[in-house]
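In the working numbering, the protein residues as written are 36 to 120. Backbone N, C-alpha and C define an ideal beta-carbon position, used for all residues, glycine too. Everything on this sheet refers to the single structure shown next.
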């Protein structure tokens, strides 16, 4: 999956794997959309420093500033820390 231009908010191209992922939860369609939209400048302009939960946890421990700029970190935070009323 990839988006086109980080300064042109709103266009994300989705591959076939997106459609077989679960709707919610870890590595879900919802998480994928959060990951990809976080790349847009208006939504944070994140990069892909690492992929996967273990790598994101390690990045957060050893390089917190890079973890903040990592798209998968935003995805896993949203997927695993839903809003509770």
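- Listed as beta-bridge partners of residue 82 by DSSP are 105.
- Of all alpha-carbon atoms in 55, 88, 100, 74, the one lying nearest the alpha-carbon of residue 45 is that of 74.
- For the segment 48-100, the full-length alpha helix (DSSP H) segments reaching 4 residues or more read 51-55, 64-73, 88-97 along the chain.
- The shortest C-alpha to C-alpha distance from residue 47 to any of 63, 64, 68, 91 is the one to 68.
- Residue 113 carries a helical assignment under DSSP once its states are collapsed to helix, strand and coil.
- Between the C-alpha atoms of residue 94 and residue 85 there is a straight-line separation of about 8 Å.
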